[in-house]
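Chemist: In this note's numbering, the protein residues as written are 19 to 331.
The C-beta atom is built at its ideal place from N, Cα and C for all residues, glycine as well.
These numbers come from a predicted model, not from an experiment.
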Ligand SMILES: [Zn+2]
């Protein structure tokens, strides 16, 4: 019998993207102010630790991001900003911040940016996903200690998913900022751009923040036209990616070009041009004659590009 969902792949394309492997059961409806202490009372509780925006790893043999409560306390993990991520089959998972000024023993611990850690490939997808959740929340608490209504110091509540203002009563919730990232297609070719900060030879999808009052499709059309001068018609959602730098949700789309003449935004992009399918396939394979390449596999752009290029190969 035909189903409304015929044609929807069983394998979600989002599962290919970096930071998408979070398997934590958040139980968000059960969060209360005793949630952190309740979880920490479980001997199976484990913590991810951060210092500022960097992940703390045990440096012995294989890098290990998981700490017992006693190990976290020995490193002066801050109980007042300990967050409850949720539960795994192995027990509760939390995150905590170490004091910014504390020097960690370099022989025993390693500090690393989460993006570099993801590219290094030494973590499981489940740990990377959980650390993405933790990094976004930790970053929010570090930067939102005061009420945006009245300026008073606010207090962490319900395991870290809200901050309350004791002065004016305002409640503040962690934000997720939507970003559209799109591959615009004109028949057998697609539009890729280069920012100055990219690795040498790398071209990628165009991208930009969704603005207030805008649909995803309108954001794709506006950003593409602003950055490249290309007019876009139909837009199709492909996949999404948590991007914890600090709190974005990347929304990947394919878009249909209605015009072909490029007028590049010279501030945003060093270059922007059309690439035909064969050239893109050589970039993916790492065999492009000029060394031009696509982003690495943790990036959603890599999979948006590959989905189109390989669909017609
Ligand atoms: Zn207030």
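#1: Mind checking whether the beta-carbon of residue 169 lies closer than 8 Å to any heavy atom of ligand 1?
#2: Given 8 Å as the limit, tell me if residue 187 has its C-beta closer than that to any heavy atom belonging to ligand 1.
#3: Can we say the region 272-279 touches the region 192-203, given the rule of at least three CB pairs closer than 8 Å?
#4: Taking all protein chains shown into account, do 16 or more other C-beta atoms lie within 10 angstroms of the C-beta of residue 97, making it buried, or fewer, making it exposed?
#5: Quick check: residue 368 and residue 69, are their CB atoms within less than 9 Å of each other?
#6: Under 7 Å Cβ to Cβ from residue 103, same chain only, skipping five residues before and after it: list those, please.
#7: Expressed to the nearest angstrom, what Euclidean distance is found between the alpha-carbon atoms of residue 288 and residue 158?
#8: Measuring straight from C-alpha to C-alpha, what distance separates residue 301 and residue 132?
#9: Is it right to say residue 258 is buried, meaning 16 or more other beta carbons lie within 10 angstroms of its own, or is it exposed?
#10: For residue 308, write down the residues that DSSP places opposite it in a beta bridge.
#11: Which residues does DSSP list as the beta-bridge partners of residue 225?
#12: Answer yes if the region 154-172 comes into contact with the region 37-52, meaning at least three C-beta pairs across the two stretches below 8 Å, and no otherwise.
#13: Cβ atoms of residue 33 and residue 25: under 9 Å apart, would you say?
#14: Report back the beta-carbon spacing between residue 310 and residue 219 to the nearest angstrom; my notes put them in contact at under 8 Å.
#15: Quick check: residue 256 and residue 321, are their CB atoms within less than 9 Å of each other?
#16: Less than 9 Å between the C-beta atoms of residue 210 and residue 298, yes or no?
#17: Spatial neighbours of residue 3 within its chain, please: CB distance less than 7 Å, with the 5 preceding and 5 following residues excluded, ordered by chain position.
#18: Any heavy atom of ligand 1 inside 8 Å of the beta-carbon of residue 165?
#19: Have a look at residue 37 and residue 135 and give me their C-alpha separation to the nearest angstrom.
#20: Name the two residues that bound the continuous beta strand (DSSP E) containing residue 55.
#21: Run the CB neighbour count on residue 141, radius 10 Å, all protein chains shown included, and call it buried at 16 or more, exposed below.
#22: So if DSSP puts residue 290 in a beta bridge, which residue, or which two residues, is it bridged to?
#23: Any idea what DSSP makes of residue 99, helix, strand or coil?
#24: Quick check: what's the CA-CA separation for residue 282 versus residue 238?
#25: In terms of residues, what are the limits of the beta strand (DSSP E) holding residue 271?
#26: Below 8 Å CB to CB, which residues in the same chain sit around residue 234 once its five sequence neighbours on both sides are set aside?
Modeler: Looking at the coordinates:
#1: yes
#2: yes
#3: yes
#4: exposed
#5: Residue 368 falls outside the range modelled here, since the chain spans only 19 to 331, and no answer is possible.
#6: 42, 111, 112, 113, 148, 151 and 152
#7: 32 Å
#8: 26 Å
#9: buried
#10: Answer by DSSP bridge pairing: none, since residue 308 is not bridged.
#11: 199
#12: no
#13: no
#14: 5 Å
#15: yes
#16: yes
#17: No answer is possible for residue 3: the residues shown for the chain start at 19 and end at 331.
#18: yes
#19: 11 Å
#20: From DSSP, residue 55 is part of no beta strand (DSSP E) but of the alpha helix (DSSP H) over 53-58.
#21: buried
#22: 211
#23: helix
#24: 16 Å
#25: 266-275
#26: 196, 198, 228, 253, 255, 269 and 271
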